[in-house]
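Protein chains in written order, with this note's numbering: chain D, 45 to 385; chain B, 45 to 385.
Here's the structure we're looking at; comments come further down.
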DNA sequence: AACGCTAAATTTAACGTTCAAATCGAAGCG
DNA sequence: CGCTTCGATTTGAACGTTAAATTTAGCGTT
């Protein structure tokens with residue numbers, strides 16, 4: 045039950061191992077009839093090139109690294125799980141494999157990059173949860189390691205945004221769509237429940253809401269714009285404060301499903317009906333949203349994964365990463381309307 | 045910026061490359077003072093062995109394969125995500141990496157095993173969602189590929205259960221604990237909402253409920269034992285049927301959070317209060333359960349992952365898998381009591 | 001002093017692949 | 001007919017590591 049190697053294929057087809065190698069890596073260099081003969085031999089013996097020796101020779105492993113998150117809040121954890129699932133499926137079709145790892149913080153993550161590069165010669169990385177002052181992108185760029193991020197390079201100067209390939213979902217567009225939907229269904233008092241200012245993703249999502257209200261000539265009274273840390277309890281408390289205003293909002297757009305579900309809990313506890321008495325829209329379309337009938341803005345995971353793969357292939361097509369990075373992709377999210385609004 | 049190899053370390057420490065190799069792989073073979081000198085050189089140059097060449101030579105890659113699921117229902121998908129997270133963290137500490145992949149069915153999964161073994165010389169696999177007539181375990185056993193399963197070998201003859209290492213969570217114990225808790229809080233009319241008979245995991249969970257009721261002398265009227273496909277809607281319909289019985293149950297033990305949340309929805313829609321009017325207990329402790337206050341049986345992911353790693357290490361300690369497989373591990377789940385019961 | 005024995009180190013070869021250079025054969029051309 | 005050119009194929013070497021065989025040095029025994 046010895047292993048099938050280039051050598052055995054070569055003997056079987058009466059050519060040199062190099063010719064077999066050429067059949068696989070540079071078919072144009074070999075005469076059509078030899079090509080056919082060798083390909084037949086490959087098929088017959090069910091030959092499959094050994095990656096370890098390839099890696100040793102070429103420094104390419106066809107392995108791509110991706111960090112997986114500690115599940116945090118639970119509600120939002122599904123975002124990464126979905127994305128990873130799509131990414132794995134997509135890259136697998138293209139002959140790559142995803143190697144996962146966990147890290148405690150950015151610095152730890154960088155040291156893992158180093159390990160993975162040294163040990164296993166990983167070809168590239170897919171990053172997510174990018175944030176202002178992210179050290180990871182600089183680290184990788186310095187070392188000329190191919191990578192793409194799911195999440196745009198927040199907080200950098202505009203031109204820096206073009207320094208590496210990234211894929212992201214347009215949060216502002218999502219909250220804008222949610223707000224538009226609420227206006228169209230008759231709401232005029234629409235609040236935003238988000239994170240403290242300064243968190244880029246949250247500010248982005250807030251901007252969709254505020255921009256549309258501004259052009260629609262709808263004003264936002266004091267207390268209609270909350271910023272609290274992500275979570276069910278914080279969301280619930282902030283929603284309570286809003287509902288206790290002299291003129292409470294009739295609809296709340298939220299920066300996450302966690303916050304939205306917090307608001308949802310407060311609303312139902314007060315005996316109010318979400319979507320009838322007070323509308324609520326979340327963000328990320330977590331499984332929980334589907335269960336309780338929470339409207340939410342859904343991210344197109346699969347498209348995002350496909351875009352990441354395309355960029356990676358672009359980066360890996362040449363030995364050295366190209367001077368001009370791939371053009372970023374900003375995907376539109378999709379509003380899923382359910383009972384809550 | 046040339047790479048650090050055994051060769052460079054050897055030169056730096058004035059020994060042969062083989063000695064450096066021995067320092068790393070068989071330190072007892074080298075004289076203490078040489079050992080120290082070489083170790084210093086390794087540290088100074090920040091040497092890290094290249095895995096590709098190791099793999100080429102030894103057929104060991106320090107890579108472990110694990111399939112990830114299409115997120116299915118959404119609610120239950122979190123089980124795997126949690127387990128994978130723990131598994132990744134644990135194996136990473138032990139110097140292994142997890143390679144993930146997706147498969148459409150068992151047969152496809154086996155063909156991926158073959159690919160991964162041939163291409164990347166994976167050392168082992170971690171399987172989950174085992175079921176009766178699972179072809180995967182046979183496939184791997186035949187080829188003497190090391191693996192462990194998260195999930196016991198269902199439906200096999202008893203002695204076959206000892207043919208490979210497995211880790212599982214005792215479902216019967218979980219539903220039994222849930223049922224006991226309900227009895228202790230005064231319930232006497234306790235129904236079970238599970239899957240159709242014949243699905244092993246479901247039958248196991250059902251048995252905890254029925255066994256405790258039997259020894260407690262509590263009888264189960266017709267309609268108190270439902271078996272429907274997993275899902276929110278099916279769960280809701282089955283719960284509706286139970287609530288419409290002449291003598292409806294006051295508590296429902298469920299085989300999954302999906303079913304339980306379906307029941308929960310039916311209960312709240314009727315204006316009843318979960319935990320006050322009708323108690324509900326789910327299984328898997330999904331994030332959604334935490335949000336809506338559903339009591340649920342939680343699986344000890346991290347312990348399960350740790351047990352899997354221990355078994356893998358046992359299997360990989362010797363070149364050939366040992367004749368006697370590791371002893372199985374059956375972990376107790378933990379009942380998380382919330383508002384719903 | 002010759003002998004065997006062990007520990008410690010070195011040398012040799014091999015894992016499977018691809019790159020670079022060399023070889024071979026057939027055609028083209030003056 | 002000899003010389004060049006070009007395409008197709010082969011040869012030789014190398015990637016970084018470890019298993020197996022070999023050499024060297026040191027020690028105790030008789």
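Glycine included, each C-beta is placed from N, C-alpha and C at the ideal position.
Is the beta carbon of residue i less than 8 Å from the beta carbon of residue j?
i              : j              : result
residue 299(B) : residue 238(B) : yes
residue 167(D) : residue 106(D) : yes
residue 306(B) : residue 276(B) : yes
residue 256(B) : residue 220(B) : yes
residue 187(D) : residue 150(D) : no
residue 165(B) : residue 235(D) : no
residue 156(D) : residue 145(D) : yes
residue 222(D) : residue 338(D) : no
residue 108(B) : residue 169(B) : yes
residue 322(D) : residue 295(D) : yes
residue 128(D) : residue 112(B) : yes
residue 249(D) : residue 218(D) : yes
residue 384(D) : residue 335(D) : no
residue 280(B) : residue 312(B) : no
residue 208(B) : residue 194(B) : no
residue 89(B)  : residue 58(B)  : no
residue 233(B) : residue 320(B) : no
Would you kindly report the start and end of the unbroken beta strand (DSSP E) that includes residue i?
i              : result
residue 193(D) : 191-194
residue 269(B) : 269-271
residue 171(B) : 168-172
Can we count residue i as close to the ligand GTP, meaning its CB is less than 7 Å from some heavy atom?
i              : result
residue 325(B) : As far as ligands go, the structure on display features none, and thus does not contain the ligand GTP.
Need the endpoints of the alpha helix (DSSP H) that residue i sits in, please.
i              : result
residue 335(D) : 331-336
residue 184(D) : 179-186
residue 279(B) : 276-287
residue 66(B)  : 61-69
residue 79(D)  : 76-89
residue 157(D) : 150-164
residue 95(B)  : 95-102
residue 48(D)  : Where residue 48(D) is concerned, there is no enclosing alpha helix (DSSP H), given that its DSSP letter is neither H nor E.
residue 252(D) : 244-260
Based on the DSSP secondary-structure assignment, which residues constitute the bridge partners of residue i?
i              : result
residue 375(D) : 213(D)
residue 145(B) : 111(B)
residue 127(B) : None; residue 127(B) has no bridge partner.
residue 298(B) : 237(B)
residue 342(B) : 378(B)
residue 324(D) : 296(D)
residue 444(B) : The structure shown does not extend to residue 444(B), since chain B is modelled only from 45 to 385, so the question has no answer here.
What does a CB cutoff of less than 8 Å around residue i pick up in its chain, not counting 5 residues either side in sequence?
i              : result
residue 362(D) : none
residue 301(D) : 119, 120, 326, 327, 328, 329, 330, 332, 333, 338, 340
residue 246(D) : 238, 239, 240, 271, 299
residue 254(B) : 236, 264, 269
residue 366(B) : 358, 359
Ordered along the chain, which non-local residues of its own chain (more than five positions away) have a Cβ less than 7 Å from that of residue i?
i              : result
residue 77(D)  : none
residue 289(D) : 267
residue 386(D) : Since the first residue of chain D shown is 45 and the last is 385, residue 386(D) is not available in this structure.
residue 244(B) : 175, 176, 198, 199
residue 71(D)  : 79
residue 50(D)  : 61, 64, 65
residue 402(D) : Lying before the first or after the last residue shown, residue 402(D) is absent from chain D, which here runs from 45 to 385.
Only counting the same chain, and skipping five residues up and downstream in sequence, which positions put a Cβ closer than 6 Å to that of residue i?
i              : result
residue 214(D) : 374, 376
Output needed in chain order: residues of the region 131-151 of chain D with a Cβ under 7 Å from some Cβ in chain B.
132, 133, 136, 141, 142, 143, 144, 145, 146
Output needed in chain order: residues of the region 157-190 of chain D with a Cβ under 8 Å from some Cβ in chain B.
159, 160, 162, 163, 164, 165
Listed in chain order, which residues of the region 307-336 of chain D have Cβ atoms closer than 7 Å to some Cβ of chain B?
For the region 307-336 of chain D, the set of residues with a beta-carbon nearer than 7 Å to any beta-carbon of chain B comprises 331, 332, 334, 335, 336, in chain order.
Contact residues within the region 73-93 of chain D, judged by C-beta distance below 8 Å to chain B:
92, 93
If you measure beta-carbon to beta-carbon, which residues of the region 202-234 of chain B are closer than 9 Å to chain D?
Of all residues in the region 202-234 of chain B, none has a Cβ within less than 9 Å of some Cβ in chain D.
Short-range partners of chain B found in the region 278-303 of chain D, where Cβ spacing is below 7 Å
none
Give me the subset of the region 257-268 of chain D whose CB atoms are less than 8 Å from a CB atom of chain B, sorted by chain position.
Cβ contacts with chain B: none found.
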